[in-house]
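Colleague:
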Amino acid sequence: MPRPRPEPVQVVKQRRDAALHALAGGVPYIQFLNIRFDRRGDELTALLPFDEMLIGNPMLPAIHGGVTAAFLEVTALISLSWAWLWEDIESGALSPDALEAGDLPRLPKTIDFTVDYLRSGLPRDAYARAKVTRSGRRYASVHAEAWQDNRSRPFAQGTAHFLMPAPEA
Amino acid sequence: MTADKARIARQFIETIPHARALSMQITDIADGAATITMPYDARLVGDPKTGVIHGGAVSALMDTCSGAAVMSHPSAPAGTATIDLRIDYMRAATPGQPITARAECYHITRSVAFVRASAWDDDADRPVAAATGAFTVEGG
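Just so you know, the protein sequences line up as chains A and B, in that order.
Using UniProt numbering, read the first sequence as starting at 1 and increasing by one per residue.
Using UniProt numbering, read the second sequence as starting at 1 and increasing by one per residue.
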């Protein structure tokens, strides 16, 4: 008996992109900062396009430290939620239509967040990726790094702890 | 001199594009401590179901307020930048209410300023968030 035929690629892409769009696209603050997510399989890269209103030091100029912190936190939270929901998205337990309609499951909550500023954020686009270092039943620990021109020269990194939602009855 | 420095720090904060984008207002700044208020704004919501402000916007407020506290210190640094900042999120801010942060630069050396801060909404007895940070001290 041959294994079942794999799903057509456009069906897979449509499902994953719809889920990602529902996760990040419906959050006003993510839209306010204009943060977008680029997806390759299950790997996410966050993109923060430069804008004048992101400036925190007009003399240098440099991106506001609070913007950098927010960018890392958004990247950490979306990446954690994405990894956490992945199985349900793939199995169809979470339907893209329901997600698109705003029917999201409860998401992890930030407990604390530590940011290291490694160099000043230049007035240009920034990118970030997060790694879920540990994902437990109640708590998760996530590390995120942001860079601009060189992936090997991050301008900031952060570690966040999250409280995972209680299983729904 | 201190009053003059406070005026410069106030002007500096008010020329920060991102602080303006979030409509931050300095209500008090002197001797290494600052208080800044940020009005509720639907664009800053992190959870559309509840209308709660995103933690990232609270981080931006805490970072700005901490930097302002350093700038207003009597030892008069010419500039400052965040080295690190840790934020504890104790509870969700109540939707519709402004968030106020107060930061205090409790120790400063020739190179580093140490700051703690807290933030609250209309219920000042139950902080929304607390922060501690280290900041650079640029030569005057």
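C-beta atoms are modelled at their ideal positions from N, C-alpha and C, and glycine is treated no differently.
Because the structure is a prediction, the values reported are computed rather than measured.
Put K109 of chain A into one of helix, strand or coil per three-state DSSP.
Modeller: strand
Colleague: Is DSSP giving M1 of chain B helix, strand or coil here?
Modeller: Its pLDDT being 43, under 50, M1 of chain B is placed unreliably in this model, and the value from its coordinates should be taken loosely. Reduced to three states, the DSSP call for M1 of chain B is coil.
Colleague: Taking all protein chains shown into account, decide if residue 203 of chain B is buried (16 or more other Cβ within 10 angstroms of its Cβ) or exposed.
Modeller: Absent from the structure is residue 203 of chain B, since the part of chain B shown begins at 1 and ends at 140.
Colleague: My output table needs one value for K131 of chain A: the three-state DSSP class, helix, strand or coil.
Modeller: strand
Colleague: Report the residues of the region 54 to 84 of chain B with a CB closer than 8 angstroms to any CB of chain A, ordered along the chain.
Modeller: H54, G55, G56, A57, S59, A60, L61, M62, D63, T64, G67, G79, A81, T82, I83, D84
Colleague: Count the other C-beta atoms from every protein chain shown that fall within 10 angstroms of the C-beta of H107 of chain B, then say buried if there are 16 or more, exposed otherwise.
Modeller: Classification of H107 of chain B: exposed, given that the 10 Å Cβ count is below 16.
Colleague: Could one say the Cβ of H18 of chain B lies closer than 8 angstroms to chain A's Cβ atoms, at least one of them?
Modeller: Answer yes: the Cβ-Cβ gap between H18 of chain B and chain A drops below 8 angstroms somewhere.
Colleague: Leaving out five residues before and five after M1 of chain B in sequence, what residues of the same chain have Cβ atoms less than 6 angstroms from its Cβ?
Modeller: Here M1 of chain B scores only 43 on pLDDT, less than 50, and its place in the model is too uncertain to base an answer on.
Colleague: Return the residues of the region 52 to 73 of chain A that lie within a Cβ-Cβ distance of less than 7 angstroms from chain B, sorted by chain order.
Modeller: E52, M53, L54, I55, G56, P58, H64, G65, G66, V67, A69, A70, E73
Colleague: Decide yes or no for the touch test of the region 68 to 77 of chain B against the region 43 to 55 of chain A: beta carbon pairs closer than 8 angstroms, at least 3 of them.
Modeller: no
Colleague: Contact criterion: CB-CB distance below 8 angstroms. Does R7 of chain B meet it with respect to chain A?
Modeller: Put simply, the CB of R7 of chain B is far from chain A, with every gap to its CB atoms at 8 angstroms or more.
Colleague: If you run the structure through DSSP and keep just helix, strand and coil, what is A124 of chain B?
Modeller: DSSP places A124 of chain B in the coil class of the three-state scheme, outside both helix and strand.
Colleague: Quick one: what does DSSP say A134 of chain B is sitting in, helix, strand or coil?
Modeller: strand
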